[in-house]
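Below: one structure, written as structure tokens.
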Amino acid sequence: MSKVTIIAFALLILALGSLNMTFKQEPVIIISQSVIDNLNTAYEDSRTEFVYCLQGSRNNQEYKIESYYEPKVINASENEVISARCGYNTLGTIHPHFNSDYCRLSNTDSYTFGSTQLPLTGVMCGKDKFVFFTPNDLEKPVEVLYE
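First residue of the sequence shown: 316, per the numbering used here; consecutive thereafter.
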């Protein structure tokens with residue numbers, strides 16, 4: 316390499332660094348197999364809506380769901396569940412939509428999620444069919460990886 320090429324390359328690196336470029340990482344959900352199996356069983360065994368509080372860890376935009384618990388349910392029907400809020404160390408919630416053609420947030424879901432401080436909400440719409448959303452985008456589901 317010539318001196319001119321090396322100097323030009325160094326200047327390019329400095330210029331790019333001065334732009335303070337940051338790359339936005341897209342969120343991703345990783346669900347443990349035991350959680351998937353238990354959610355599938357709950358979905359197949361119930362025709363009444365339920366809600367679970369999801370627990371695990373978060374590293375930047377990577378959410379790892381490792382367990383869940385059921386909050387106190389106040390009222391549940393085929394189309395709605397009303398429950399106590401999840402605890403402080405919760406990543407989010409998940410609930411079913413038994414009509415698998417509606418695998419997204421309803422208006423009520425969006426409103427309820429917007430009133431929480433949770434980073435995730437999920438909808439289960441069939442066996443192994445999960446969609447998750449963040450407060451930043453209630454329309455576009457987050458990528459889900461199975462562990």
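Backbone N, C-alpha and C fix where the C-beta goes; we use that ideal spot for every residue, glycine too.
Contact check for residue 440 against residue 412 passes: the beta carbons are separated by less than 7 Å. Using a 10 angstroms sphere on the CB of residue 398, the tally of other CB atoms reaches 16 or more, which defines it as buried.
Scanning the region 339 to 363 from its first residue to its last, the whole alpha helix (DSSP H) runs of 4-plus residues come out as 348 to 360.
The shortest C-alpha to C-alpha distance from residue 418 to any of 392, 457, 391 is the one to 457. Distance from the Cα of residue 367 is smallest, within the candidate group 378, 359, 384, 455, for 384. With three or more CB-CB distances shorter than 8 Å, the region 340 to 354 counts as touching the region 362 to 380. Within the model, the alpha-carbon separation for residue 425 versus residue 453 is close to 7 Å.
Contact annotation, residue 442 with residue 355: C-beta distance approximately 5 Å; criterion of less than 8 Å satisfied. For residue 436, the three-state secondary structure derived from DSSP is strand.
Shown here for residue 386: same chain residues with a beta carbon closer than 6 Å to its own, the five before and five after excluded, namely 368, 398, 399, 401 in chain order. For residue 430, there is no enclosing alpha helix (DSSP H), as DSSP gives it neither H nor E. Using a Cβ distance threshold of 7 Å, residue 364 and residue 391 count as a contacting pair.
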